[in-house]
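Shown next, in structure tokens, is the structure this report addresses.
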Amino acid sequence: MELVMTGTGSPLPSPDRAGPSQLVQVGGRSFLIDCGRGCLMRLAGAATGPAAIERLLLTHLHSDHVTDVNDLITTRWITGFPAVPLPVVGPVGTVSFIDDTLTMLGPDIGWRITHHDDLEAPPEVPVTETAGGLVFEDAEIRILAAPTDHRPVHPTIGYRIEAEGASVVLGGDTVPCPALDELCVGADVYVQTVIRDDLISQVPVARLNDVIDYHSTVVDAAQTAARAGVGTLVLNHCVPTPMPGTEADWIAIAAEHFDGEVLLPDDLDRIPVEPAG
Ligand SMILES: [Zn+2]
Ligand SMILES: [Zn+2]
5 MELVMTGTGS PLPSPDRAGP SQLVQVGGRS FLIDCGRGCL MRLAGAATGP AAIERLLLTH
65 LHSDHVTDVN DLITTRWITG FPAVPLPVVG PVGTVSFIDD TLTMLGPDIG WRITHHDDLE
125 APPEVPVTET AGGLVFEDAE IRILAAPTDH RPVHPTIGYR IEAEGASVVL GGDTVPCPAL
185 DELCVGADVY VQTVIRDDLI SQVPVARLND VIDYHSTVVD AAQTAARAGV GTLVLNHCVP
245 TPMPGTEADW IAIAAEHFDG EVLLPDDLDR IPVEPAG
């Protein structure tokens with residue numbers, strides 16, 4: 005199993021970091037977790053097209069995590085021969101979000117069906133809403149969800165993908181909470197949205213300071229990783245965007261609280277998810 009960092013950014017635009025999304029690949033199968041700004045450009049960079057996504061898993065419906073869902077729906081549809089449905093899993097609210105997105109796309113969908121003789125039906129986007137528990141299982145792969153705490157954004161969920169004897173957790177935007185701890189227990193790789201409260205609190209902008217109370221700090225993420233006994237902690241969706249050359253500072257803060265490997269990857273970095281040796 006491999007984790008591909010298709011978007012390591014946050015709501016703050018960055019020339020080098022696309023909005024939040026990650027790709028988990030098992031053999032030739034691809035699962036996309038969230039679909040933020042620039043996601044399809046990064047999928048192209050990862051040599052994976054929209055038609056190759058087996059399932060889209062949404063952690064929550066905050067704009068930065070879903071900006072490019074419309075692009076995924078449209079581009080998968082118009083580059084499919086024939087187009088195949090895009091199964092989506094997400095928290096309660098995802099059905100209406102997808103319905104609204106398809107409504108927004110309505111005129112474009114109509115024009116394309118009119119223009120292309122071989123496009124006869126609109127994109128199909130079946131949605132499964134979950135509050136937690138098993139969301140997918142077959143002979144190779146098991147995907148679990150758990151409720152997280154990103155209030156007032158509610159509900160939100162994290163995912164754990166298990167395959168080939170290994171596991172990766174995508175915690176999403178959340179403060180530490182018991183369900184997240186449980187989801188992470190023994191995971192080989194744990195990806196966590198993080199902020200640096202020490203840096204943000206120095207900026208006299210209330211709207212930026214507001215983000216502190218509903219995200220994990222680097223220390224929080226490291227402590228969650230330590231409690232759960234994970235192998236590798238991946239710091240992601242970093243706010244503020246790390247200045248180039250300061251990545252080691254973020255990693256050092258985490259390392260004070262967690263003995264395992266800590267990574268702060270760039271877009272398109274590939275992280276192996278393998279059973280602990
Ligand atoms: Zn969020
Ligand atoms: Zn976010």
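Numbering (this note's numbering), first residue to last: 5 to 281.
Don't be surprised by glycine CBs; every beta carbon is placed ideally from N, CA and C.
Nothing here was measured: the structure is a model prediction, and the numbers come from that model.
One alpha carbon belongs to L36, the other to D121, and they sit about 30 angstroms apart.
Judged by DSSP secondary structure, V195 falls within the beta strand (DSSP E) whose first and last residues are 193-199.
Taking a C-beta distance under 9 angstroms as the contact criterion, V215 and V198 do not qualify as a contact pair. When DSSP states are grouped into helix, strand and coil, L27 belongs to the strand group. Here A87 has W81 as same chain residues with Cβ atoms under 6 angstroms from its own Cβ, once five neighbours each way along the sequence are excluded.
Taken in chain order, the unbroken stretches of alpha helix (DSSP H) that lie wholly in the stretch 229-269 and span 4 residues or more are 251-259. Using a Cβ distance threshold of 9 angstroms, I147 and L61 count as a contacting pair. A residue is called buried when at least 16 other Cβ atoms come within 10 angstroms of its Cβ; M9 meets this threshold and is buried. For I37, the beta-bridge partners assigned by DSSP are Q26, L61. Only residues of its own chain outside the window of five on either side were considered, and among them M5, V30, E144, I145 have a CB closer than 7 angstroms to the CB of A167, listed in chain order.
In the three-state reduction of the DSSP assignment, F140 falls in the strand class.
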